[in-house]
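S.K.: For the protein sequence lines, the chains are A and B, in the order given.
Note that the numbering used here has the first sequence beginning at 1, numbered continuously upward.
Note that the numbering used here has the second sequence beginning at 1, numbered continuously upward.
All residues carry an ideal CB built from backbone N, CA and C; glycine is no exception.
Right, I'll just put the structure down here and ask away after.
2 protein chains.
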Amino acid sequence: MVKYQEAALDRTFSALADPTRRALLARLEAGEDMSVSDLARPLPMSLPAVMKHLDVLSDAGLIQRAKNGRTVSCRINAAPMEDAMKWLIQYQRFWTMSLERLAKFLETRKK
Amino acid sequence: MVKYQEAALDRTFSALADPTRRALLARLEAGEDMSVSDLARPLPMSLPAVMKHLDVLSDAGLIQRAKNGRTVSCRINAAPMEDAMKWLIQYQRFWTMSLERLAKFLETRKK
Chain A
1 MVKYQEAALD
11 RTFSALADPT
21 RRALLARLEA
31 GEDMSVSDLA
41 RPLPMSLPAV
51 MKHLDVLSDA
61 GLIQRAKNGR
71 TVSCRINAAP
81 MEDAMKWLIQ
91 YQRFWTMSLE
101 RLAKFLETRK
111 K
Chain B
1 MVKYQEAALD
11 RTFSALADPT
21 RRALLARLEA
31 GEDMSVSDLA
41 RPLPMSLPAV
51 MKHLDVLSDA
61 GLIQRAKNGR
71 TVSCRINAAP
81 MEDAMKWLIQ
91 YQRFWTMSLE
101 RLAKFLETRK
111 K
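Here is the structure:
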């Protein structure tokens with residue numbers, strides 16, 4: 001695999017290896033833009049700590065930030081997750097569930 | 001999500017965030033057990049360095065090691081990858097490719 005792709009995967013997996021950052025992405029999963037302060041509010045940590053996590057997500061390309069006046073809004077960008085998925089999917093023959101069953105399983109859990 | 005699941009995901013994503021560890025898993029992907037020395041041979045680093053990477057993979061449950069006399073053999077264990085996949089799949093509506101197309105795409109690349 002080409003070097004820059006490897007480096008991008010390093011950043012993606014590393015960014016996902018933290019429960020706060022996964023929680024931030026889960027909150028953005030609804031698809032709507034959220035302000036940094038709205039994202040930070042329910043978290044048991046300081047705003048600067050949340051902003052550091054957002055920096056890591058942004059460096060990995062997992063979120064996009066935009067400034068509107070004094071408000072910074074965040075939006076999910078799932079392209080790096082798709083690349084992570086492409087890497088993981090190579091091992092699917094070792095899994096117990098097929099991709100199709102996995103997708104259906106998650107669909108039923110959402111209801 | 002339950003705490004221990006979060007900790008397991010932390011370890012999995014963190015273990016995958018390194019090109020050497022991903023390369024080790026890719027070599028084990030053929031499905032056959034490999035000895036530590038066979039795994040280490042093509043890598044541009046010392047045997048102890050490789051063994052540290054194998055420790056990380058083992059702690060994350062991504063490989064299993066077994067001792068036969070003086071040889072330690074490694075085998076892939078993809079269950080943690082399946083859990084990582086289950087986490088990533090929640091974001092599939094943001095991806096450009098459906099799971100089915102993704103699987104087919106990878107199939108054609110292998111040929």
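Measuring only from the beta carbon, is Val-36 of chain A closer than 6 Å to any heavy atom that is part of the ligand FMN?
M.R.: Of the ligands one can find in the structure shown there are none, so the ligand FMN has no counterpart to examine.
S.K.: According to DSSP, which residues form a beta bridge with Gln-64 of chain A?
M.R.: Along the first sequence, one-based indexing puts residue 64 of chain A at 64. In DSSP, Gln-64 of chain A forms a bridge with A:Arg-75.
S.K.: Going by beta-carbon coordinates alone, are Val-50 of chain B and Leu-57 of chain B separated by less than 7 Å?
M.R.: Against the second sequence, residue 50 of chain B aligns to sequence position 50. Against the second sequence, residue 57 of chain B aligns to sequence position 57. Against a cut-off of 7 Å, the Cβ pair of Leu-57 of chain B and Val-50 of chain B comes out as no contact.
S.K.: Should Ala-84 of chain A go down as buried or exposed, given a rule of 16 or more other Cβ atoms within 10 Å for buried?
M.R.: Along the first sequence, read from residue 1 onward, the residue named residue 84 of chain A stands at position 84. Buried, by the Cβ-count rule.
S.K.: Between Thr-71 of chain A and Thr-108 of chain B, what straight-line distance do the alpha-carbon atoms span, to the nearest angstrom?
M.R.: Counting from one through the first sequence, the residue named residue 71 of chain A turns up at place 71. Counting from one through the second sequence, the residue named residue 108 of chain B turns up at place 108. Computed Cα separation, rounded: 46 Å.
S.K.: How far does the alpha helix (DSSP H) with Met-51 of chain A in it extend, from its first residue to its last?
M.R.: Against the first sequence, residue 51 of chain A aligns to sequence position 51. First-last of the alpha helix (DSSP H) with Met-51 of chain A: 47-59.
S.K.: Which value, in whole angstroms, describes the spacing of the CA atoms of Ala-79 of chain B and Trp-95 of chain A?
M.R.: Here the question's residue 79 of chain B lines up with position 79 in the second sequence. Here the question's residue 95 of chain A lines up with position 95 in the first sequence. When rounded, the distance between both Cα atoms is 6 Å.
S.K.: Determine, using beta carbons only, whether Asp-33 of chain B and Arg-75 of chain B come nearer to each other than 7 Å.
M.R.: Working through the second sequence from its first residue, we reach residue 33 of chain B at position 33. Working through the second sequence from its first residue, we reach residue 75 of chain B at position 75. The answer is yes: Cβ separation under 7 Å.
S.K.: Please list, in chain order, the residues of the segment 39-71 of chain A that have any C-beta partner in chain B closer than 9 Å.
M.R.: The residues in question: there are none.
S.K.: Note down the Cα distance separating Met-97 of chain B from Glu-6 of chain A, rounded to an integer number of angstroms.
M.R.: The sequence position of residue 97 of chain B within the second sequence is 97, counting from 1. The sequence position of residue 6 of chain A within the first sequence is 6, counting from 1. When rounded, the distance between both Cα atoms is 21 Å.
S.K.: Report all residues from its chain with a CB closer than 6 Å to the CB of Thr-20 of chain A; omit the five preceding and five following residues, and keep chain order.
M.R.: To locate residue 20 of chain A, count along the first sequence from 1; it is residue 20. Here the set comprises His-53.
S.K.: In the DSSP assignment, find the unbroken alpha helix (DSSP H) run with Leu-39 of chain B in it and report its ends.
M.R.: Looking up residue 39 of chain B in the second sequence gives position 39. First-last of the alpha helix (DSSP H) with Leu-39 of chain B: 36-40.
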